[in-house]
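Per this note's numbering, residue 37 is the first one in the sequence shown, and the count goes up by one each step. Notes for the one structure printed next.
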Amino acid sequence: MSKKPGWWLALAGAATFALAILPFTARADVVPGDRITEQNIDKVKDLISPGMEWCIKHGWPMTIGETKRVEWPKAYKEATEKYASQVKLTPDGLNVLNYVAGLPFPNVDTKDPQVALKIMWNWSYNHLTTDDVDLRNFDADTGAIADHGPLTVERHFLLDHFRRLFWTGRLYVDPKPDKPNPNGYRAQQGLYPILEPFDLKGVGALGNRYISSEKQDDSWLYLPSLRRVRRLSTAQRSDALFGQDTDVDSYYGYSGHIAWMDFKYLGDRDLLSCYHAKNYPVKWNDKVDWAFDETWEKRRVYVIEGISKLPQYAYGKRVIFVDKEAWIIPYSDIYDRSGELWKVWVNDVSFRPKAFEGANVIDYGEDRGFIPAIVMVDMQLEHATKASLPSHRFPGEQGWYFNQSEKAGVTDDWFTVAALVNAGH
C-alpha cells in the first residue's frame with residue numbers, strides 16, 4: 037500500500053506531540069487505601085503539581101480514596117440547560133454576553149481559540165456560591181514550617197466573617213436571577229472584622245466586582261489604628277498582608293478578574309484532589325500540622341496558565357487546575373517573575389448536604405461545596421498559612437452558610453464602607 041508524500045513528517049509530528057503531552061496523560065498506579073509519603077511519591081508524580089510535590093516531600097501525607105461524582109445542584113443544572121445556548125463571549129473574550137444563570141459554557145471545545153477564557157469564565161460562574169455565602173468564626177495560623185515537622189506559629193488570626201453577595205446568576209433567594217443593579221455589580225465581598233491578634237483588631241477589607249471588565253474592582257482596607265480607609269489598587273490584590281502568605285487574588289485558587297490575566301490552555305490531565313473530605317471541622321496532621329490529613333481522589337482537570345497583564349503584579353504566573361466536572365480549583369501553583377516555583381494554594385473541599393449531623397444544622401437536601409480548610413505554602417521561604425473554616429474554638433459551628441441571605445446577615449448594607457468602619461470600632 038503506497039503512502040502519500042510527507043506521511044513520515046506527519047508521523048514524526050504526531051510522535052512529538054504525544055511526547056510533549058505525556059506528563060499530562062500518564063497514569064500513575066494508585067488505588068484507594070494507598071498512603072502517599074515522600075518514600076513512595078513516584079507513584080503520584082504524574083498526578084500532582086510541582087507545588088504539591090514539594091509539600092509531600094516535606095511531610096504532607098495523602099490517603100488515596102475512591103473517585104466520586106460531583107453532582108451539580110438541581111437549580112444550577114436546570115439553569116445551565118435553559119440558558120447556556122444563548123451565552124457568548126465578546127471577541128476579546130473579556131466579557132460574557134447574554135448570561136442569566138448556571139454554567140455559561142458547558143460544552144468546552146479544546147480547539148476553540150477562546151478555550152482558556154471559557155474555562156476560566158466557567159470557573160468564575162461555578163456553583164460553589166450562586167446567591168450568597170457567609171463564612172463565620174474561622175481562624176488561621178502563619179509561620180515557618182519544619183521539614184517533616186510542625187508550623188511554628190508567628191501570628192494567630194481570628195476572623196468574624198467572610199461574606200459574598202452575588203447580584204446576577206441567582207437561583208434561590210429573591211429577587212432572582214438578578215437583583216436590581218444600577219451599579220452593574222457582579223458580586224460584592226467582605227472580610228471583617230479581624231478579632232485577633234490584638235494589634236489588628238477591627239481591621240477589615242471590602243470589595244466590589246463589576247459585570248463589565250472595563251470597570252476595575254473597588255477594594256478597600258480599613259485600618260483602625262490609623263482611623264482611615266485605604267483604597268487598594270488591582271495590583272495590590274496579589275500582596276500578602278500582615279505577615280501571612282495569602283493574597284486576595286488567590287482565594288479559592290484564583291479570585292482575580294478573568295480580564296486581568298492572559299490565559300493559555302496547556303492541556304488536560306489527571307490530578308489528585310480533595311473533594312470529599314471526611315473530616316469537618318478540618319483534621320490537621322498530628323506531626324506535620326500545616327497539612328490537612330484527608331482523602332484524595334483522582335480527578336480530570338484542565339490546566340490553565342495565567343500571566344498578569346499588570347507590570348507591578350507580584351507573581352510571574354499562575355498554573356491553575358480546573359476540574360472538568362465540578363468546575364472548581366483543587367489547588368494552584370504560583371511562580372515568581374524569574375519562573376521559579378514560589379507558592380501553592382490548596383483547598384480542602386467536602387461535598388456534602390450538611391456540615392455535620394446535629395440539631396439546628398442546615399440540611400441543603402443536596403451536596404454543597406463546604407471548604408473545611410485552606411493552606412498556602414511559600415516554598416521559597418518555607419513558610420505557610422493554614423486556616424480552619426470554621427475554627428475548632430467554636431464547637432458546633434457550621435462555618436459555611438449558603439444562600440441564607442438576611443438570616444445569615446448577608447445584606448446590602450453589610451457591603452458598605454460605613455459598615456466596615458463601624459464593625460472595626
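Every residue gets a Cβ at the ideal spot worked out from N, C-alpha and C, and that includes glycine.
query: Own chain, CB closer than 7 Å to proline 408, minus 5 neighbours either side, in chain order; result: Ala313, Asn315, Tyr316, Pro317, Val318, Asp384, Ser386, Leu425
query: Residues near serine 121 by beta carbon distance below 6 Å, same chain, minus five either side; result: none
query: Aspartate 369 (DSSP reduced to helix, strand or coil); result: strand
query: DSSP-derived helix/strand/coil call for glutamate 158; result: For the sequence presented, residue 158 should be read as asparagine rather than glutamate. If DSSP states are grouped into helix, strand and coil, asparagine 158 belongs with the helices.
query: With 16 other Cβ atoms within 10 Å as the buried cut-off, status of leucine 133; result: exposed
query: Bridge-paired residues (DSSP) for alanine 386; result: According to the sequence as given, residue 386 is serine; it is not alanine. BP columns for serine 386 point to His312, Phe406.
query: Entirely enclosed beta strand (DSSP E) segments - the stretch 299-361, minimum 3 residues; result: 331-344, 353-359
query: Length at least 3, wholly inside the stretch 209-281: the beta strand (DSSP E) runs in chain order; result: 221-232, 240-246, 254-259, 264-267
query: Buried versus exposed call for glycine 95 [16 or more other C-beta atoms within 10 Å across all chains shown]; result: buried
query: Burial state of histidine 293 (16 or more Cβ within 10 Å); result: buried
query: Beta-carbon separation (whole angstroms), tryptophan 363 vs tryptophan 159, contact threshold 8 Å; result: 6 Å
query: Ordered list of beta strand (DSSP E) runs contained in the stretch 78-127, each at least 3 residues; result: 98-100
query: Local conformation of tyrosine 288 per DSSP, three classes; result: helix
query: Nearest-angstrom Cβ-Cβ length linking glycine 445 and valine 239, presumed shorter than 8 Å; result: So it is not a contact: roughly 19 Å between Cβ atoms.
query: Exposure label - glycine 375; buried when at least 16 CB within 10 Å; result: exposed
query: Proline 59 classed as buried or exposed, judged by whether at least 16 other C-beta atoms fall within 10 angstroms; result: In this prediction, proline 59 has a pLDDT of 44, which is less than 50 and means its spatial position is unreliable; nothing more can be read from the coordinates.
query: 9 Å Cβ cutoff met for threonine 166 and proline 97; result: no
query: N-terminal and C-terminal residue of the alpha helix (DSSP H) that valine 189 is part of; result: No alpha helix (DSSP H) holds valine 189; the beta strand (DSSP E) holding it covers 187-202.
query: Rounded straight-line distance, which links the Cα of valine 413 to that of histidine 192; result: 16 Å
query: Separation of leucine 277 from alanine 62, as counted between CA atoms; result: Interpretation of alanine 62 is limited by its pLDDT of 44, a score under 50 that renders its predicted location unreliable; the figure taken from the coordinates is listed afterwards. Alanine 62 and leucine 277: Cα-Cα distance of roughly 39 Å.
query: Continuous beta strand (DSSP E) stretch holding asparagine 171: start and end; result: In the sequence as displayed, the identity of residue 171 is leucine instead of asparagine. Start and end: 168-181.
query: Assigned secondary structure, isoleucine 72 (DSSP; H/G/I helix, E/B strand, else coil); result: strand
query: Reference arginine 206; option with closest CA among Tyr112, Ala420, Met88; result: Tyr112
query: Status (buried if at least 16 other CB within 10 Å, exposed otherwise) for threonine 73; result: exposed
query: Pick from Asp148, Glu117, Leu83, Asn162 that is closest to arginine 404, judged by C-alpha positions; result: Asn162
query: Beta-bridge pairing of tyrosine 437 - partner residues as DSSP gives them; result: Asp170
query: Selection from Ile230, Asp322, Cys310, Val337 that minimises the alpha carbon distance to glutamate 330; result: Cys310
query: Simplified DSSP state of tryptophan 378, which is helix, strand or coil; result: strand
query: Alpha-carbon spacing of valine 324 relative to arginine 71, whole angstroms; result: 15 Å
query: Backbone CA spacing between glutamate 102 and histidine 184 [nearest angstrom]; result: 26 Å
query: Beta-carbon proximity of serine 291 to serine 344, cut-off 9 Å; result: no
query: Alanine 420, enclosing beta strand (DSSP E) - first and last residue; result: 419-424
query: Contacting residues, own chain, Cβ-Cβ under 6 Å from isoleucine 181 (five flanking each side not counted); result: Leu187, Trp326, Glu418, Ala420
query: Contact the stretch 145-157 vs the stretch 166-175: 3+ CB pairs below 8 Å; result: no
query: Limits of the unbroken alpha helix (DSSP H) element including leucine 456; result: 453-460
query: Leucine 462 - partner residues in DSSP beta bridges; result: Because the chain in this structure spans residues 37 to 461, residue 462 falls outside the shown range and cannot be described.
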